[in-house]
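**Student:**
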Amino acid sequence: MKQLVLIDGHSLAYRMYFALERTGMKTSKKEPTWAIFGFFKALFELLGRVQPDGIAVAFDMGRITFRNEIYPDYKAHRDDMPDDMRQQMAAIREGVELLGIPVFGVEHFEADDVIGTLARQAAEDGVNVVILTGDQDAFQIIDEAGRISLLVPSFKGGLSEYDRQKVFEKWGVYPEQVTDFKGLKGDPSDNIPGVPGVGDKTAAKLLADYKNLENVLAHVDQINGAKLKERLIQFKEQALMSKALATIRYDVPVTFGKDACRLAMEDEAAFKAFMTRHEFRSFLTQWPEWRKFFVTGAATASVDELAPVAEAGSPTLPTLINDAVAFDVVTDQKALAAVCKAIEKAGVFAFDYET
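Going by the numbering used here, the final residue of the sequence shown carries number 365, and the count climbs one at a time with no gaps.
(1) Ignore the nearest five residues each way along the sequence and tell me which others in V137's own chain have a CB closer than 6 Å to its CB.
(2) Ends of the beta strand (DSSP E) at N138?
(3) Could you name the residues of the same chain whose beta carbon sits closer than 6 Å to that of D333, not counting the 5 residues immediately before and after it, in chain order?
(4) Please list, in chain order, all residues of the same chain as A347 whose beta carbon is under 7 Å from its beta carbon, the five residues on each side excluded.
(5) Would you check if the distance between the CB atom of M35 and the CB atom of F47 is smaller than 9 Å?
(6) For P298, report the span of its alpha helix (DSSP H) as first-last.
(7) Give me whichever residues DSSP pairs with P82 in a beta bridge.
(8) Count the other CB atoms within 10 Å of the CB of R260; is the residue buried (16 or more) or exposed (fewer)?
(9) Alpha carbon to alpha carbon, how far is I74 from I80? Give it in angstroms, no decimals.
(10) What are the boundary residues of the alpha helix (DSSP H) that includes L227?
(11) Less than 9 Å between the beta carbons of R130 and I111, yes or no?
(12) Looking at the structure shown, is T310 part of a helix, part of a strand, or coil, going by DSSP?
(13) Among I243, M275, R32, I141, which one has its Cα closest to the Cα of L53?
(14) Assuming D277 and L108 are in contact, meaning their beta carbons sit under 8 Å apart, how far apart are those beta carbons, in whole angstroms?
(15) Answer with buried or exposed for F200, where buried requires no fewer than 16 other C-beta atoms within 10 angstroms of its C-beta.
(16) With H, G and I counted as helix, E and B as strand and the rest as coil, what does DSSP make of P198?
(17) Per DSSP, which residues does I17 bridge with? Please list them.
(18) What does DSSP give as the partner residue(s) for A152 in the beta ladder?
(19) Leaving out the 5 sequence neighbours to the left and right, which residues in its chain are closer than 8 Å to T265 when beta-carbon positions are compared?
(20) Just mark T295 as buried or exposed, buried being the case when its beta carbon has 16 or more other beta carbons within 10 Å.
(21) Where DSSP assigns a beta bridge to F114, which residues make up the other side?
(22) Rounded to whole angstroms, how far is the Cβ of K253 from the Cβ of D190, which I believe are closer than 8 Å?
(23) Could you pull the DSSP bridge partners for E171 from this structure?
(24) Can you give me the Cβ contacts of P206 inside the same chain, cut-off strictly under 7 Å, excluding the 5 residues immediately before and after it?
(25) Quick test of your reading: L160 and L56, contact by CB under 8 Å. State the CB separation rounded to the nearest angstrom.
(26) Taking V106 as part of the alpha helix (DSSP H), name the residues at either end of that continuous run.
(27) Under the three-state reduction of DSSP, which class applies to I353: helix, strand or coil?
(28) Near V208, what residues of its chain come up, given a Cβ to Cβ distance below 6 Å and the 5 sequence neighbours on each side ignored?
(29) Return the CA-CA distance between Q187 and G357, expressed in angstroms with no decimal places.
(30) Within 10 angstroms of its Cβ, does C271 collect 16 or more other Cβ (buried), or is it exposed?
(31) For V183, count neighbouring C-beta atoms within 10 Å of its own C-beta (all shown protein chains included) and say buried if the count is 16 or more, exposed if not.
(32) What is the residue span of the alpha helix (DSSP H) that V60 lies within?
(33) Buried or exposed, going by whether 16 or more other CB atoms sit within 10 Å of the CB of P82?
(34) How would you call R77, buried or exposed, if buried means at least 16 neighbouring beta carbons within 10 angstroms?
(35) With burial defined as no fewer than 16 other Cβ atoms inside 10 Å of the residue's Cβ, what is the status of F165: buried or exposed?
Shown next, in the form of structure tokens:
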């Protein structure tokens, strides 16, 4: 195995839930599907870019982990999972399993701990690792050797790639300093307190000067600014605790095995039925491009093979005129008015809201 993809199932699903919630995407039976669609769209886009030899997905096993023992208020401010998200999360897990993607999860740990452990083990075994996640805490997993990189879905669409240098350009610290960075500035999204009054720029400046949190605290007498110095002294233990909370573990009881991370799709028809049930027509159309990653010895199938078959007795649909298509980009009010007028004149139009 040369290339492995690891996916943080929960963080990716949540990112897609909030990124696409405004679309209100549902089936004709009013079942919510936007997070499901976003999750698999990101997965398939990743496959087109990376073309890995193996894939694995890690899911959280519950809300309570070892971090809650360190700090009971860790993530305590978060609301329960919304009902429509819970429904979609179950479907995401179903789809992942139907694709034959190995699933990992360990009680008492978060998914990013599992991914961090597997990524480090794989990298030590000479495998290049790409992590697909919605959680930027995973920046810390990127190694100095360059074997581990991250892809994070952008809220504007597409996947943003992060390596060691890109992390520095974004935050002003390197991957190995991410936990020190969080220890100083905290992380409101996880309810990690950090040092009050210390923001991104101050934390990055301190780490540029002193490399890590422990060294910052050891040289606090040399730091300029009476208020900053006072806060670092007063909240020393809180900063160290915050760093511990932000630190991804690499000792989770899971073992990377090349065979364990290979795809093993058993029922292609079941996954096609899954896509049909959720009315992902664009996925069905593109499935011939993706099935080679999941179906052993798969030849390229035609779209006709994958198209739903009409039930007996169903009405015959009229054949649409197959004229050449002209594309126009609407960039101003005048062009928009012209399009509206053309639609009104036509009486019928189609609108694709998936892209």
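Even glycine gets a Cβ: it sits at the ideal position worked out from N, Cα and C.
**Tutor:** Reading from the atomic positions:
(1) M11, L14
(2) Run containing N138: 138-142, per the beta strand (DSSP E) assignment.
(3) Confidence in D333 is poor, its pLDDT being 41 and thus under 50, which makes the residue's placement too unreliable to answer from.
(4) none
(5) The answer is yes: Cβ separation under 9 Å.
(6) Note, P298: alpha helix (DSSP H), 291-300.
(7) Looking at the DSSP assignment, P82 forms no beta bridge with any residue, so it has no partner.
(8) For the sequence presented, residue 260 should be read as Tyr rather than Arg. Its Cβ having fewer than 16 others within 10 Å, Y260 is exposed.
(9) 11 Å
(10) Its alpha helix (DSSP H) spans residues 223-228.
(11) no
(12) Confidence in T310 is poor, its pLDDT being 35 and thus under 50, which makes the residue's placement too unreliable to answer from.
(13) Nearest C-alpha to L53: I141.
(14) 7 Å
(15) Here residue 200 turns out to be Asp, not Phe, going by the sequence shown. With 16 or more Cβ atoms within 10 Å of its Cβ, D200 is classed as buried.
(16) helix
(17) V67, L142
(18) Reading the sequence as shown, one finds Ile at residue 152 and not Ala. According to DSSP, which records beta bridges pairwise, I152 is partnered with nothing at all.
(19) Q131
(20) So T295 ends up on the exposed side.
(21) A68
(22) 6 Å
(23) L161
(24) Only R241, F245 meet the Cβ criterion.
(25) So it is not a contact: roughly 11 Å between Cβ atoms.
(26) 93-108
(27) helix
(28) L194, K195
(29) 59 Å
(30) buried
(31) buried
(32) 44-60
(33) exposed
(34) Looking at its Cβ environment, which holds 16 or more other Cβ atoms inside 10 Å, R77 is buried.
(35) exposed
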